[in-house]
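Student: Under the working numbering, the first residue of the sequence shown carries the number 373, and numbering increases by one thereafter.
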Amino acid sequence: MKKLLISSLLCTIAFSSQTMANDVHPMCGKTDLAEVMGDMKDNMKAYKKAMKAGDSDAMEQVVTELLANIDKADDLVPLQISDNQDLNTEQQADVKKYQKGMLFLQGAVEELAKASNDDERKAALGKIGKASKQGHKAYKMDCED
Ligand code: HEM
Numbered sequence: 373m374k375k376l377l378i379s380s381l382l383c384t385i386a387f388s389s390q391t392m393a394n395d396v397h398p399m400c401g402k403t404d405l406a407e408v409m410g411d412m413k414d415n416m417k418a419y420k421k422a423m424k425a426g427d428s429d430a431m432e433q434v435v436t437e438l439l440a441n442i443d444k445a446d447d448l449v450p451l452q453i454s455d456n457q458d459l460n461t462e463q464q465a466d467v468k469k470y471q472k473g474m475l476f477l478q479g480a481v482e483e484l485a486k487a488s489n490d491d492e493r494k495a496a497l498g499k500i501g502k503a504s505k506q507g508h509k510a511y512k513m514d515c516e517d
């Protein structure tokens, strides 16, 4: 009897730790927001390439696309806050905070748009990196298990 109890206890522990290890939201990395973020990552790569080439037309084009993607992201809800449109009061407040982060990012990208030399561009890129780091720390779900 005691043996049975111990083995069933061990089974429970083994199962629950396995569930915890795989406890990743099925939509993690597959949301509309994740797709927009992926496009923003491509925008950043394209911007750095254009900057290296000194191609200001291309830089301007990328910044326009980046701002349009920020607009899209601003209308979406991070998966960590909710996986549906039905938001309670607390979730609505969290979305407002997330949108503040997006506004900070938008300001940094607008600075990038106005930058007229590489020093100013690098400063704006640093701000964008900071916005992204803070935004991800606060609102991005870890999709790894
Ligand atoms: C230019 C700046 C940024 C870049 C390049 C960027 C890039 C990315 C990338 C590559 C992902 C992973 C997408 C995937 O899983 O396929 C991601 C996810 C995410 N990012 Fe960003 N990010 C930026 C700024 C921000 C900011 C400022 C915030 C918040 C204020 C934010 C919030 C999120 C969230 C919430 C996710 C998870 C998506 C979800 O909830 O479904 N990101 N980002």
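The beta carbon of each residue, even a glycine, is placed where N, CA and C say it ideally should be.
(1) Tell me the rounded alpha-carbon separation between Val434 and Asn441.
(2) Considering only the alpha carbon of each residue, which of Val408, Thr436, Leu405 and Gln452 lies closest to Tyr419?
(3) To the nearest angstrom, report how far apart Glu462 and Leu405 are at their CA atoms.
(4) Could you check whether the region 465–482 touches the region 501–513, counting it as contact only if at least three pairs of C-beta atoms, one from each stretch, sit closer than 8 Å?
(5) Report the start-end ranges of each alpha helix (DSSP H) in the region 403–439 that is 4 residues or longer and not cut off at the edges.
(6) Note down, in chain order, each residue of its chain lying with its Cβ closer than 7 Å to the Cβ of Asn415, except the 5 sequence neighbours on either side.
(7) Under the three-state reduction of DSSP, which class applies to Gly498: helix, strand or coil?
Tutor: In this structure, then:
(1) One-based indexing of the sequence shown puts residue 434 at position 62. One-based indexing of the sequence shown puts residue 441 at position 69. Computed Cα separation, rounded: 11 Å.
(2) Looking up residue 419 in the sequence shown gives position 47. Comparing C-alpha distances from Tyr419 to each of Val408, Thr436, Leu405 and Gln452 shows the shortest one belongs to Thr436.
(3) Start at 1 with the first residue of the sequence shown, and residue 462 comes out as number 90. Start at 1 with the first residue of the sequence shown, and residue 405 comes out as number 33. Computed Cα separation, rounded: 20 Å.
(4) yes
(5) As far as the region 403–439 is concerned, its whole alpha helix (DSSP H) runs of at least 4 residues are 404–425.
(6) Along the sequence shown, one-based indexing puts residue 415 at 43. Cβ within range, chain order: Val434, Glu437, Leu438 and Asn441.
(7) As a position in the sequence shown, residue 498 is number 126, starting the count at 1. It is helical.
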